[in-house]
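*Asks:* Protein chains in written order, with this note's numbering: chain V, 8 to 264; chain R, 41 to 677.
Cβ atoms here follow ideal geometry from the backbone N, Cα and C, with glycine treated the same way.
All figures in this text were calculated on a predicted structure; none of them were measured in a lab.
Sharing a structure below in structure tokens format, with a few things to ask.
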């Protein structure tokens, strides 16, 4: 099939961007979307033009690197699919495909379709962990965990941190991402000690990074390649409310001597 | 070059205890005076960086990805082995040790493998404490499953995303240390060179993948945890960015490269669909628990699978290996698939595929239960191929998956350059000539959580090297060299794209140095590679400039190194005139087509030493001495 691509081109973070039109001839249905772009890029390089910059790495839907909005849908709109696993058989001969980067203030564009998602790392750094050092762990089976709790934790932990939830949200909210990590650790006994502090710190970091507010429209869940449930946002709100009520806001300098 | 594996004396089971006792310590207040560079943030790198920072060392961590959470350890599906014996089925540290040595076809170092089995139990404890959501039984205890090459259930897993969950555990520990200021993280930063001062590894040169800035970084020791070199074959199950650059540049600065010809081909991958193919996707080995592998008995039989009657099918793994059947180890299953395809009995486009059929399993336990067990894999298969594997068999074919070879390290995981430590897939030490399933995750975390944090301290306490400064000539020269190299790549402005060279190299490597190798093919290859490399440096066209985000330039640097490294791989494969594990030389096989080892002449680690540009690498041998186990012939029949 022959396709027309309209692609966001932007030289760097400082420059203005614009949509540029390219032809993608002889596209095969078995190609992945990124392989289709690889072929376009090979031709651009051969012609002495700049190839389209886009992020990808594992190309099997797990690393969370690939990130583009296709025809207005983050990852292209196939359920539970990252763009690296989207295949061209879902398009038709003659289609025009519009390709844009994640758009969010907290994810500045670095070049073309490549964005800086470091804000997600800042949120995890703020508290998305259990504070255990290497070496001190007790025997693993000394802590039985109900299968249902372990399954809930795993449902949430499946998040790949790609940022599609932010890209799909009209407010560029990161609530689904934060909810997934907060819920994963809150569902497990290991996460209880720091439960309240964790949610307060992570939400604070989320706000500081410039993500917008959540109005629970569910667009995040709709595009999530790991189909993380909106229920986790309800959990996050509950965790946050509880933490505020318990009022365990960490105070500097009040640690044990 | 002197190779001293530095293995502690005494009985095997006590070697690690003894080593830990003998090691010199750095007192807690002094640890903060030492800087450590960690390159790579997969399981090995992230766990090492976090653990070292927890001890008090000042750590700088580097990764080429946009976040340390994305390293390719994340893609491991099946699980992680540990000798917990939770299933009461006769497992023990010694059994895990023995299975790993045997699975590696008696080409791994005994003492390292035993330590790996010992610390495997601590890994599970550590990961559970971090909140890794391993699968559990209804009573709340941890679940296990079995994996290829073992007859006990010792594999811990988190659905089909074990690597992801373990990596997120290590990443979160790393994030905690970043927030405490103990680790300085450099994402989107690629190591280009190692800096050696007075014979000791003292820093690296990096390129920012956003701005193109080339910078030197100084430290008291350098850890490479930069993964394997499977992408020398172009198509592999590795991530697109995986490369040999860090290891290769360290090799050129004096680190010996061991056993590069030991490459693992995984039997169950989705076949190539066309020339545009950019990578291959693995389907978990666990599918072979219920799927039956077959091809038509007749050559060129292109009827749809369901129209081929039972008696005209060849279930070749069950036929050849009745006791392990469809669960024969990876190297053996891969080779068997290649054989039937070479005979012209392969299925699908180009005849490069075999069926993995679930019809019998669906008849036996019902589609619902098959879906429950493997649903995510069937979905993934359908996404990629557009075929429904509940209604027709999957098509699979072997693909390059893991590399057992890597930089040579001693028992302390230190390379032949003092102060340069190598962890995880990037080193050679634990898997011999073939790695068992669910052992890569185990090794990466063992090295990072439980080995390097001890041995690095010993190095600091005994090496007593002076602090280095960035204005020393070694740093300036290394940075200038890399600037020069980058300029050179950009200035060629030839006619062929970087990718076309990578693809051509990969194709020749796969054809002549893939699942089966022979002297003639390898000799041809050793003539072809230098010619292709020469053409690359004359005719490659790299887009853009250095001072920007330039993915084409990144790729060019990696391919340039693959073009050099490939020659060493082929040379190693040519010199090893025996078949063992993943290295199958067609000339050395038994009458029934199995690998024929030559313990008399090849029971050694081949550690190649760089001899300078244009000179052949020098072979150094570390003899493999087996005090505990008897070197037997592997049999899975």
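Can you check DSSP and say which residues form a bridge with residue 39/V?
*Replies:* Answer is 94/V, bridged to residue 39/V.
*Asks:* Alpha helix (DSSP H) containing residue 615/R: first to last residue?
*Replies:* That run of the alpha helix (DSSP H) goes 591-615.
*Asks:* List, in order along the chain, the chain V residues whose C-beta lies closer than 9 Å to that of residue 489/R?
*Replies:* 141 and 142, listed in chain order.
*Asks:* Suppose you measure from the CA of residue 304/R to the CA of residue 211/V; what does that come to, to the nearest Å?
*Replies:* If you take the alpha carbons of residue 304/R and residue 211/V, they lie about 46 Å apart.
*Asks:* Can you name, in chain order, every residue of its own chain whose Cβ lies under 6 Å from the Cβ of residue 225/V, other than the five neighbours on each side?
*Replies:* These residues qualify, in order along the chain: 237.
*Asks:* Where in the segment 72-115 of chain R do unbroken runs of the alpha helix (DSSP H), each at least 4 residues long, occur, reported from the N-terminal end onward?
*Replies:* The segment 72-115 of chain R contains these whole alpha helix (DSSP H) runs: 83-95.
*Asks:* Quick one: does residue 246/V have its CB under 8 Å from some CB of chain R?
*Replies:* Taking Cβ atoms only, chain R never reaches closer than 8 Å to residue 246/V, which makes this a no.
*Asks:* Determine whether the beta carbon atoms of residue 215/R and residue 37/V lie at a separation below 8 Å.
*Replies:* Their beta carbons are not under 8 Å apart, which means residue 215/R does not touch residue 37/V by this criterion.
*Asks:* Is residue 9/V close to chain R, meaning its C-beta is less than 8 Å from at least one C-beta of that chain?
*Replies:* For residue 9/V, the answer is no, since every Cβ of chain R falls outside 8 Å of its Cβ.
*Asks:* Relative to the alpha-carbon of residue 613/R, which residue among 278/R, 648/R and 211/R has its alpha-carbon at the smallest distance?
*Replies:* Nearest C-alpha to residue 613/R: 648/R.
*Asks:* Could you give the residue range of the beta strand (DSSP E) that holds residue 309/R?
*Replies:* Residues 303-309.
*Asks:* So, with DSSP's three-state summary, where would you put residue 226/V?
*Replies:* In this structure, residue 226/V counts as helix in the three-state DSSP scheme.
*Asks:* Whose Cβ in chain V lies nearer than 7 Å to the Cβ of residue 105/R?
*Replies:* Going along chain V in sequence order, the residues near residue 105/R (Cβ under 7 Å) are 64 and 72.
*Asks:* So residue 2/R contacts chain V; which residues on that side make the cut at Cβ distance below 7 Å?
*Replies:* There is simply no residue 2/R to check, as chain R begins at 41 and stops at 677 in what is shown.
*Asks:* On the criterion of 16 or more Cβ atoms from any shown chain inside 10 Å, does residue 263/V qualify as buried, or is it exposed?
*Replies:* Unreliable positioning characterises residue 263/V in this predicted model, as indicated by a pLDDT of 44, which lies under 50. A coordinate reading is not provided.
*Asks:* Helix, strand or coil: how does DSSP classify residue 649/R here?
*Replies:* Note: residue 649/R maps to strand in three-state DSSP.
*Asks:* Listed from N- to C-terminal order along the chain, which residues in the segment 573-585 of chain R have their beta-carbon within a distance smaller than 7 Å of any beta-carbon of chain V?
*Replies:* If the cut-off is 7 Å between Cβ atoms, the segment 573-585 of chain R has 581, 583 and 584 near chain V.
*Asks:* Report yes if the C-beta distance between residue 465/R and residue 446/R is below 8 Å; otherwise report no.
*Replies:* In contact: residue 465/R and residue 446/R (Cβ atoms closer than 8 Å).
*Asks:* Alpha carbon to alpha carbon, how far is residue 576/R from residue 600/R? Give it in angstroms, no decimals.
*Replies:* So the alpha carbons of these two residues sit roughly 8 Å apart.
*Asks:* Of all the CB atoms in chain R, is at least one closer than 8 Å to the CB of residue 154/V?
*Replies:* For residue 154/V, the answer is yes, since a Cβ of chain R falls inside 8 Å of its Cβ.
*Asks:* So residue 467/R is in the alpha helix (DSSP H); what residue range does that whole segment cover?
*Replies:* Looking at the DSSP string, residue 467/R is not in any alpha helix (DSSP H), and its letter there is neither H nor E.
*Asks:* Would residue 80/R and residue 267/R qualify as a contact pair, given that the criterion is a beta-carbon distance under 8 Å?
*Replies:* Taking 8 Å as the Cβ cut-off, residue 80/R and residue 267/R qualify as a contacting pair.
*Asks:* Can you check which of these residues, 546/R, 227/R, 312/R and 491/R, is closest to residue 110/R by C-alpha distance?
*Replies:* Here the closest residue by C-alpha is 227/R.
*Asks:* Near residue 239/V, what residues of its chain come up, given a Cβ to Cβ distance below 6 Å and the 5 sequence neighbours on each side ignored?
*Replies:* Correct list, in chain order: 163, 186, 187 and 190.
*Asks:* For residue 135/V, count neighbouring Cβ atoms within 10 angstroms of its own Cβ and tell me buried if that reaches 16, exposed if not.
*Replies:* Residue 135/V should be labelled buried.
*Asks:* Under a Cβ-count criterion, where at least 16 other Cβ atoms within 10 Å of its own Cβ denotes burial, should residue 178/R be classed as buried or exposed?
*Replies:* Exposed, because fewer than 16 other Cβ atoms sit within 10 Å of the Cβ of residue 178/R.
*Asks:* Using the Cβ count rule (16 or more neighbours within 10 Å means buried), how would you classify residue 260/V?
*Replies:* In this prediction, residue 260/V has a pLDDT of 49, which is less than 50 and means its spatial position is unreliable; nothing more can be read from the coordinates.
*Asks:* Given this structure, state the Cα-to-Cα distance separating residue 560/R from residue 383/R, to the nearest angstrom.
*Replies:* About 21 Å.
*Asks:* Which residues in chain R sit within 7 Å of residue 150/V, going by Cβ to Cβ distance?
*Replies:* Correct list: 168.
*Asks:* Curious, which full-length alpha helix (DSSP H) runs of at least 4 residues does the segment 176-227 of chain R contain?
*Replies:* You should have 202-219.
*Asks:* For a test of the three-state rule: what should DSSP assign to residue 26/V, helix, strand or coil?
*Replies:* DSSP places residue 26/V in strand when its eight states are reduced to three.
*Asks:* Could you check the C-alpha separation between residue 513/R and residue 232/R for me, to the nearest Å?
*Replies:* So the two alpha carbons sit approximately 17 Å from each other.
*Asks:* Would you list, in chain order, the members of the segment 155-183 of chain R that have their beta-carbon closer than 9 Å to a beta-carbon of chain V?
*Replies:* Cβ contacts with chain V: 161, 162, 164, 165, 166, 167, 168, 169, 170, 171, 172, 173, 174, 175, 176, 177, 178, 179, 180, 181, 182 and 183.
*Asks:* Closer than 8 Å by beta-carbon distance: list the chain R residues that pair up with residue 94/V, in chain order.
*Replies:* By Cβ distance, chain R contributes 423, 424 and 426.
*Asks:* Given residue 651/R, which residues of its chain have a CB within under 8 Å of its CB, disregarding the five upstream and five downstream residues?
*Replies:* If we look at residue 651/R and ignore the five residues flanking it on each side, its Cβ neighbours are 657 and 658.
*Asks:* Below 8 Å between beta carbons: does that hold for residue 556/R and residue 187/R?
*Replies:* Taking 8 Å as the Cβ cut-off, residue 556/R and residue 187/R do not qualify as a contacting pair.
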